[in-house]
Amino acid sequence: MRNWLRKNKTPFYYILIFALVVYFLFFPSLTPELAVRKSLLVSHPIHAVSAKVDKGKIDDDPRYGDLYYVSKAELSFVYVKKNRLGWYVTTSGTGP
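In full-length UniProt numbering, the protein residues as written are 1 to 96.
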């Protein structure tokens, strides 16, 4: 009976991992820094972990949102905005 339980748990774990990956990729992030790092993960996976993310001086811009600086990245200026689900990146580039 133990072997039967072990065989039935593996599809559950695969479904759980798949659901977490879909949530992480397609839904907004809980914090602005996590939204910036998720955006960096697509273009520079190593920089997503090692880069330093600092809050900029521009807050609540009606068009773009809040400014964040990213060190060690090609796109060093990132704007994030908040909706009711969380934070998402609106635009990024080399200068404001």
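C-beta atoms are modelled at their ideal positions from N, C-alpha and C, and glycine is treated no differently.
Could you spell out where the beta strand (DSSP E) holding residue i opens and where it closes?
i: ARG43; result: Before going further, note that residue 43 is Ser rather than Arg in the sequence given. Here SER43 belongs to no beta strand (DSSP E); instead the alpha helix (DSSP H) covers 32-43.
i: residue 170; result: No answer is possible for residue 170: the residues shown for the chain start at 1 and end at 96.
Roughly how many angstroms lie between the CA atoms of residue i and residue j, to the nearest whole one?
i: GLY86; j: TYR14; result: 26 Å
i: PHE12; j: PHE18; result: 10 Å
i: PRO62; j: LEU30; result: 20 Å
i: LEU34; j: LEU41; result: 10 Å
i: ALA51; j: LYS72; result: 6 Å
In three-state terms, what does DSSP make of residue i?
i: residue 123; result: Limits of the chain in this structure are 1 at one end and 96 at the other, which puts residue 123 out of reach.
i: THR10; result: helix
Are residue i and residue j touching if we call contact CB-CB under 8 Å?
i: VAL80; j: ASP66; result: yes
i: PHE77; j: THR94; result: yes
For residue i, write down the residues that DSSP places opposite it in a beta bridge.
i: GLY70; result: Note on residue identity: the sequence assigns Val, not Gly, to residue 70. DSSP lists VAL53 as partners of VAL70.
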